[in-house]
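Chains A and B, in that order, are what the protein sequence lines are. Counting in the UniProt record's numbering, the first sequence runs from 1 upward without gaps. Counting in the UniProt record's numbering, the second sequence runs from 1 upward without gaps. From the three backbone atoms N, C-alpha and C, an ideal C-beta is built for every residue, glycine too.
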Amino acid sequence: MATIELENIVKRFGSATVVHGLDLAIADGEFVALVGPSGCGKSTTLRMIAGLEDVSAGTLRIGGVVVNHHEPKRRNVAMVFQNYAIYPHLTVRENIAFGLYTSGLPKEKKAARVDEAARILGLEDLLERRPAALSGGQRQRVAIGRAMVRNPSAFLFDEPLSNLDAQLRNQMRIEIKRLHQRIGATTVYVTHDQVEAMTMADRIVVMRDGRILQIGSPSDLYDAPADVFTARFIGTPAMNLLPARHAGEAIAVDGATGTIPAPPFTRGSERLLVGVRPQDMRVASDEDAQGALTLTGTVTAVEPLGPETHVHLDTAGGPVIALAEGRGAPAVGAPATAFARLETLHFFDAQTERALSGRAGADGARRT
Amino acid sequence: MSARTDILDAPAGPRPLRPGRIVAWTLLLIGGVVMVTPLLFMFSTSLKTAGQVYDLRLIPANPTLANYVEVLSDGRFLRWFVNSTIVAVAVTLSNLFFDSLVGYTLAKFRFRGRMIVFIAILSTLMIPTEMLVIPWYLMASQLGWLDTYWGIMFPGMMTAFGTFLMKQFFEGVPDDFLEAARIDGLNEFQIWWKVAMPLVTPALSALAIFTFLGNWTAFFWPLISVTSRELYTLPVGLSSFAVEQSIQWEMIMTGAALATIPTLLVFIALQRYIVRGVMLAGLKG
Ligand SMILES: Nc1ncnc2c1ncn2[C@@H]1O[C@H](COP(=O)(O)OP(=O)(O)O)[C@@H](O)[C@H]1O
Ligand SMILES: [Mg+2]
């Protein structure tokens, strides 16, 4: 178990800088997810922590010790790869025991550790098989077992579930989470899938182009995204964003009927983006329109999901997704109106794309 | 209907002969006959007496194993057989080790001058053996290697072809496999030996077969570098049968027939690794 601290970490490949000075402190036993689109430097960051890539500049500490120049072995971290990296020429038992290859433990101790890992991961009956005879989920479990037997100070995962089908992915997600709760080891988990990050992590680090955009708990990121990118990246379906501008004391949102009150912190920005999550946007008849953002548009698609229905609207401000209760969805091609309460709105500067305040809408609503 | 029933419903018996198929079979047949006939004559002649050698019947009139008894009881033949075995096995093991060590380094490490080294190695492939024999000879004579086992073996202890072959195969080994071992604390040599090498067994088997065959049948260099009869390899020794006593074809053919046995054994022993390797390769990714 150990803390991991990144201080102004930079990575260059030749003349290209792919990681631009990351600062991140991971607490002992914490589960941190690095998320971001492909190519944003997540794997590179993880590989620097593991010692597979040199750190070009900055300080990396594991358990308080500067490890910039330590071999992977001395860092005592374990890593699970997207392609499992379990060896086809070895049995499951041999693969798991491979984690202890240089441990110098006596044979019986090694066997005991392998057996324990196999028991925790439900691999007892497969120990003598070769990887070719395993399913994807079982292979990934072997890879996790191999990481576990070493009692590492930290677990590093690089997109471990991306090769699995959706159902298995959900199941393994829960298993890894449970494993973390059981072992309590510091974990850094790289994924491009925000659902994985949201459901598993204590804290999420959102990255783009080699920089950290925001660090926070899943609910922090969901409730108070720091910028447009995070706002759209976290949550499904993605947050609706509508261009808006000041109109006297109020804000006129494209596609909305009427105006909404302007919160004071929006004054500095000329052009705005108003964000509203589909979950906060209801398609309804106009009973409850009082003091709400009201959007009108034409229905372009309807996706019934059972408990609720996603309604895609084409508005003057752009496409918008709203929810309709149960079976009360309008027909495709019909006009529809959707409402969002003011305290659910997010405000961004259209130029910088930065959020203008956390739960900005709440202040605005109180002022009205 | 499902594919399964289609197969069950298909008429039994041979598939219809189309013209393309007939041509293909004919060519294969000709090729097979051309390749197998000399072998058959070799075995056939080895079962004949000296007087029958020029009687070209494939099945000898009175087949006899006398030639085998004579060859095997001749101490020289056994000596040459052992010499050939020592040379071929040592050179093969050396190639398996060094070709793959260098091939792995070229495939998996980035270092200054990597391409130059690789091109230098490849360029030696373009120099014919005949051009190298004189420098080899001069070198061996100056270093006192002539007329020794080492003198026979040293030119082939590593080959450019083997290095190239192994490099290509190691490039197919995913980096994840090596990095996982690196994180587990193995040193680079252990990673090569415990992880990378087992993953390229098909290439190693192929290289072993080529190298063994090539050295088992090598004639030119062993003939030049060795003068004492005790150090002859089998091909050199067998050819001396032809030079010294007027040509004894039945003896040469008997020796040659015996000489094919180790190559067959090597092939039979290693071919299953090639098949298994192909199966393992299917697992990658
Ligand atoms: N060995 C390398 N040499 C040069 N560029 C690299 C290397 N590895 C990664 N990169 C570049 O660094 C950037 C970040 O890559 P990576 O960390 O793999 O992204 P992610 O894991 O977030 O998808 C990419 O633009 C990639 O092309
Ligand atoms: Mg990646």
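If you measure from the beta carbon of residue i to each beta carbon in chain A, is any gap under 9 Å?
i: R182 of chain B; result: yes
i: L283 of chain B; result: With a pLDDT of only 47 at L283 of chain B, under the threshold of 50, the placement of this residue in the model should not be trusted, and no figure is reported.
i: residue 305 of chain B; result: For chain B, the structure presents residues 1 to 285; residue 305 of chain B sits outside this window and is missing.
i: Q190 of chain B; result: yes
i: E171 of chain B; result: no
i: P198 of chain B; result: yes
i: L17 of chain B; result: no
i: A3 of chain B; result: For A3 of chain B, the pLDDT reaches just 41, beneath the cut-off of 50, and the residue's location in the model is therefore unreliable, leaving the point undetermined.
i: F109 of chain B; result: no
i: F177 of chain B; result: yes
i: P174 of chain B; result: yes
i: L96 of chain B; result: no
i: G185 of chain B; result: yes
i: T201 of chain B; result: yes
Measure the CB-CB distance between residue i and residue j and report whether it falls below 9 Å.
i: N83 of chain B; j: L270 of chain B; result: no
i: L52 of chain A; j: I212 of chain A; result: no
i: A90 of chain B; j: Y137 of chain B; result: no
i: G258 of chain A; j: T294 of chain A; result: yes
i: K48 of chain B; j: P38 of chain B; result: no
i: V69 of chain B; j: F77 of chain B; result: no
i: T254 of chain B; j: N62 of chain B; result: no
i: A329 of chain A; j: T309 of chain A; result: yes
i: F339 of chain A; j: A301 of chain A; result: no
i: T230 of chain A; j: V206 of chain A; result: yes
i: V228 of chain A; j: L241 of chain A; result: yes
i: A160 of chain B; j: L122 of chain B; result: yes
i: residue 370 of chain A; j: G58 of chain A; result: An answer regarding residue 370 of chain A cannot be provided, because it is not within the stretch 1 to 368 covered by chain A.
i: T3 of chain A; j: A33 of chain A; result: no
i: Q140 of chain A; j: P160 of chain A; result: yes
DSSP three-state call for residue i: helix, strand or coil?
i: A120 of chain B; result: helix
i: L146 of chain B; result: coil
i: A140 of chain B; result: helix
i: K11 of chain A; result: strand
i: residue 421 of chain A; result: It is not possible to answer for residue 421 of chain A, since the shown part of chain A is limited to 1 through 368.
i: V89 of chain B; result: helix
i: T159 of chain B; result: coil
i: T233 of chain B; result: coil
i: M48 of chain A; result: helix
i: R366 of chain A; result: Model confidence at R366 of chain A stands at a pLDDT of 32, short of 50, so the residue's coordinates are unreliable and nothing is read from them.
i: E325 of chain A; result: strand
i: P262 of chain B; result: helix
i: H180 of chain A; result: helix
i: M239 of chain A; result: coil
i: R150 of chain A; result: coil
i: P160 of chain A; result: coil
i: R4 of chain B; result: With a pLDDT of 42 at R4 of chain B, under the threshold of 50, the modelled position of that residue is not reliable, and no figure is offered here.
i: G275 of chain A; result: strand
i: T186 of chain A; result: strand
Would you list the residues sitting across from residue i in a DSSP beta bridge?
i: E303 of chain A; result: A:H310
i: I260 of chain A; result: A:I251
i: R211 of chain A; result: A:R208
If you compare alpha carbons, which of the options is closest to residue i?
i: A197 of chain A; options: A:H180, A:I234, A:A226, A:L164; result: A:I234
i: R57 of chain B; options: B:V69, B:T64, B:A66, B:S44; result: B:S44
i: V87 of chain B; options: B:S100, B:I121, B:T217; result: B:T217
i: A50 of chain B; options: B:Y273, B:P262, B:I252; result: B:I252
i: R245 of chain A; options: A:T236, A:P263, A:A238, A:M239; result: A:P263
i: G136 of chain A; options: A:M172, A:A50, A:S357, A:L90; result: A:M172
i: E179 of chain B; options: A:I9, A:V77, A:A57, A:V67; result: A:V77
i: F189 of chain B; options: B:D147, B:F109, B:G113; result: B:F109
i: S240 of chain B; options: B:T26, B:W80, B:T64, B:T92; result: B:W80
i: P174 of chain B; options: A:P218, A:T102, A:L221, A:Q82; result: A:Q82
Closer than 9 Å, CB to CB, is residue i near chain B or not?
i: L52 of chain A; result: yes
i: H89 of chain A; result: yes
i: K73 of chain A; result: yes
i: N83 of chain A; result: yes
i: R150 of chain A; result: yes
i: R146 of chain A; result: yes
i: G99 of chain A; result: yes
i: M79 of chain A; result: yes
i: A185 of chain A; result: no
i: A117 of chain A; result: no
i: T102 of chain A; result: yes
i: A331 of chain A; result: no
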